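Chemist:
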Amino acid sequence: MRATLRPVDLGSLDEHQREAVLSGDEPLLIVAGAGTGKTTTLAHRVAHLIERGTRPERILLLTFARRAAAEMLLRVDGLLRRHPGERPSSGRVWGGTFHSIANRLLRLHGGEMGLDPGFTIHDRADSEDLVELLRAELDLARGDRRFPRKATCLDIYSRCVNSRRPLAEVLESAFPWCRGHAEGLKLLFRTYTDRKGEQNVLDYDDLLTFADGLLADPAAGPRVRERFDAVLVDEYQDTNALQGDLLERLRPGGRGLTAVGDDAQAIYSFRAATVRNILDFPRRYPGSRTVLLTRSFRSTRPLLEATNRVIRQARERHAKDLWSSREGGGRPELVTCRDEEEQTELVVGRVLALREDGIDLRRQAVLFRASHHSAHLEIELGRRGIPFRKYGGLRFLESAHVRDLLAFLRLAENPRDLLAGLRVLRLLPGVGPRTARALLEPVSSTGAFTPWRSARPPPAAASHWPALVALCEELAAPAAPPPAVQVHRVRQFYAPLCEARYDHADARLSDLERLEEAARAFADRPAMLAELTLDPPRSTQELAGPPSLDDDYLVLSTIHSAKGLEFDAVYVLHAADGNIPSDLAAGSSVEIDEELRLFYVALSRARDHLSVFFPLRYYDRPAGAGGRHAYAQVSRFLSPPVRAAFDECSAGPPGGPAAAGSAGPGAGPSIRKRLHDLFA
DNA sequence: GTAGAACAGTTTTTT
DNA sequence: ACTGTTCTAC
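Read in my numbering, the first sequence has 594 at position 242, and its numbers run on one by one without any break.
#1: Just how far apart, CA to CA, sit Pro-888 and Thr-591?
#2: Measuring alpha carbon to alpha carbon, tell me which of Ala-386, Arg-959 and Arg-511 ends up nearest Gln-589.
#3: Count the other CB atoms, across all protein chains shown, that sit within 10 Å of the CB of Gly-682; report buried if there are 16 or more and exposed otherwise.
#4: Once you ignore the five residues that flank Gly-773 on each side, which residues in its own chain have a CB closer than 6 Å to its CB?
#5: For Leu-598, report the span of its alpha helix (DSSP H) as first-last.
#6: What do you reckon, are the CB atoms on Ala-422 and Gly-443 nearer than 8 Å?
#7: Look up Val-718 in the DSSP assignment and give the residues it is bridged to.
#8: How big is the Cα-Cα spacing for Arg-949 and Asp-858?
#9: Taking Cβ to Cβ, would you say Thr-391 is nearer than 8 Å to Arg-418?
#10: Output the boundary residues of the alpha helix (DSSP H) element that contains Arg-486.
#11: By DSSP, does Pro-974 sit in helix, in strand, or in coil?
#12: When DSSP labels each residue in this structure, what does Leu-685 get in the three-state scheme?
#13: Checking 8 Å against the spacing of the C-beta atoms, do Ala-618 and Ala-666 come in under that value?
#14: Since I believe Asp-769 is in contact with Val-553 (beta carbons under 8 Å), could you give me their beta-carbon distance rounded to a whole number of angstroms?
#15: Distance check for Leu-780 and Tyr-846, CA to CA, integer angstroms please.
#16: Per the DSSP calculation, His-961 is bridged to which residue(s)?
#17: With 16 other CB atoms within 10 Å as the buried threshold, where does Glu-692 fall?
#18: Classify Ala-1032 as helix, strand or coil using the three-state DSSP reduction.
#19: Taking only the alpha-carbon atoms, compute the straight-line gap between Ala-997 and Val-942 and give it to the nearest angstrom.
#20: Using the beta-carbon count (16 or more within 10 Å), is Ala-975 buried or exposed?
#21: Is DSSP giving Ser-364 helix, strand or coil here?
#22: Take Arg-707 and list the residues in its own chain whose beta-carbon comes closer than 7 Å to its own, dropping the five residues that flank it on each side.
#23: Tell me the rounded alpha-carbon separation between Ser-640 and Ser-987.
#24: So the candidates are Glu-521, Asp-481, Asp-555 and Asp-581; which of them puts its Cα closest to the Cα of Arg-407?
#25: How long is the line joining the alpha carbons of Ala-800 and Gln-844, rounded to whole angstroms?
#26: Pick out whichever of Gly-613, Gly-573, Val-373 and Glu-378 has its Cα sitting closest to the Cα of Ile-402.
#27: Would the beta-carbon of Thr-1059 fall within 8 Å of that of Leu-490?
#28: So, using beta-carbon positions, are Leu-539 and Cys-530 closer together than 8 Å?
#29: Which runs of the beta strand (DSSP E) fall wholly inside the stretch 609-681 and span at least 3 residues, in chain order?
#30: State the beta-bridge partners of Gly-448 as determined by DSSP.
#31: Assign Pro-604 to one of two classes, buried (16 or more other C-beta atoms within 10 Å of its C-beta) or exposed (fewer than that).
#32: Measure the CB-CB distance between Leu-394 and Val-445 and report whether it falls below 8 Å.
#33: Give me the Cα-Cα distance between Ser-621 and Glu-730, rounded to the nearest whole angstrom.
#34: Between which two residues does the beta strand (DSSP E) harbouring Ala-534 extend?
#35: Please state whether DSSP places Asp-557 in a helix, a strand or coil.
#36: If you check the beta carbons only, do Val-612 and Ala-384 fall under 8 Å apart?
As structure tokens, then:
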């Protein structure tokens, strides 16, 4: 019946975009520069597929953030709905991140290969906690040479799994200072893998590994594959080897596969993403078609001139200059300022001036390399009552009280989840790691809380015990109340413990009220837990719900979190060497190149106005004691040819620096085994 | 075994 | 500033 409708209107597309939209089911790579309309193109392609008879539920749209998928599908609806009241069909499209799609597929099909579909998911912090636990248990912390910290251990593990490379190689190339600990790490990683299995827990990397294993499974694989006719992947340059393999298994030979990306915007190699995926696409999928989009619909010509010059400095890239038909507009500006105070002052001044000119705050964004770079600005915005939302950096879910509360729900969901159990029990006074583990033992082995009825907790915890047992049994019951009610129950039990344990308990408890409100949006507990871990809200405001349309706020964001977005005006903070590039990432030319692309991503978010700030003096540690500051050099990426495309100004009297400074058992057994063997 | 105090080391980006 | 680790007194 769709076929009788007018085809999707392609009139607004240019020739290349149209080619991409209309391309058949041979493997398709769309190399789309910043602002060249890749979202539009992808949305049109999905709409076109649906119109041509592909059933929406047989389309899979993989994006980097879930928000991106939702946004894209909204546009698809707009394209398809030509009769008022027509039911949008895009709602049935599978959209989400690799991790969330893996989660869905594993819940549906995991059982077919022996994975217990009731698994819970460990986020990064949980994974670190488990590594820490095992590190102590295996006595690895001892010895003359310091064993890598838990975060580093997990980075190494994750890198092995995601890049599909052996430990020795990963150590050599990315963690040379840990070379001496190869044996200890192997032991740690084997144990880590086994322990997750026993607890029926998957971490982020496992989601991908198990999804890949599911697709490779002779029985289950074909059934998963035949769910989909078309698979579209956005931000393909930021996929890793494991994701690349997963896609190939999903679409053998690449039939029905569309990949969209821009090698100039690859900024996730620290997460084992590899540009090779996009560069090697044509070789991997013979008979594929490549479409190049180079016309920017976003930036004005003077801005594009500057960003083109920036990216030309990359050592290795696909040569492609973007061009713009957007005439007029001023040049970008490079503002040298005395210090952070002045930077803040100047940014706020410009933001307010543009708002006077009619550009809403939400059309303006302040971007920075590291989350703490915006601290000073945030204080000033707060002081002056200018609303803002910050994206990136420490999130709501990472705060201790939120993790405490969610641990209750996770434990009820999966009583074998050791981390959740430890977290819950250790809230009780008098219960430390030893007691907690002893108490958990019978619960882990039986999978139920009944043993706790007769357990004898330490005296200090005795008064809390009956309520805790009742709570856990209620939450774990088959007829458990809806998620919001569950959160409410936990909150009641938890409030006094929270007050006893933390400062600012009232603020923390009100966070939890918000969590309770947010919980109403979820159908059931597994959905709530999975979605919160896989697509965490970036701020308390975001948890409270999507912003209303008349809500105006300035956007503050790490450059990473700004990927894929555009703004009328962009302000880039701290364009000093040491910040951009970060001196933590300035080790090799490969790393420097990635920092350059990051800078490029920041600048290329701008449509009409772009200001780059360079404070001469900065604090070299986050608001450190004594306020030590150093004198900075301008970012090396602002070389003379680049600066020639900028208007330069220095505000205020130069404060003249004198010196130049430096600044479960049986669950997916074969996959588990292979993971294990990886570190044999 | 637990809890709190004293001490030491380190700071990016995120699913 | 903050987190994680170690030490000491219950």
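All C-beta atoms, glycine included, are put in the ideal place defined by N, C-alpha and C. From a predicted model like this one, the values you see are computed outputs, not experimental measurements.
Modeler: Judging by the given coordinates:
#1: 20 Å
#2: Ala-386
#3: exposed
#4: Leu-763 and Leu-792
#5: 593-602
#6: no
#7: Leu-908 and Tyr-923
#8: 43 Å
#9: no
#10: According to the sequence shown, residue 486 is Leu rather than Arg. From DSSP, the alpha helix (DSSP H) with Leu-486 extends over 476-489.
#11: In this prediction, Pro-974 scores a pLDDT of 47, lower than 50, which makes its location untrustworthy; no coordinate-derived value is stated.
#12: Leu is not the amino acid found at residue 685; the sequence shown has Glu there. Strand, per DSSP.
#13: no
#14: 6 Å
#15: 10 Å
#16: Ala-921
#17: buried
#18: coil
#19: 26 Å
#20: Residue placement at Ala-975 is flagged as unreliable, the pLDDT there being 43, under the threshold of 50; a coordinate-derived value is accordingly withheld.
#21: coil
#22: Leu-713
#23: 40 Å
#24: Asp-581
#25: 22 Å
#26: Val-373
#27: Look at the range of the chain in this structure, 353 to 1032, and you will see that residue 1059 is not part of it.
#28: no
#29: 609-613 and 641-645
#30: Leu-414
#31: exposed
#32: no
#33: 29 Å
#34: It is not in any beta strand (DSSP E) - Ala-534 instead sits in the alpha helix (DSSP H) that spans 534-551.
#35: helix
#36: yes
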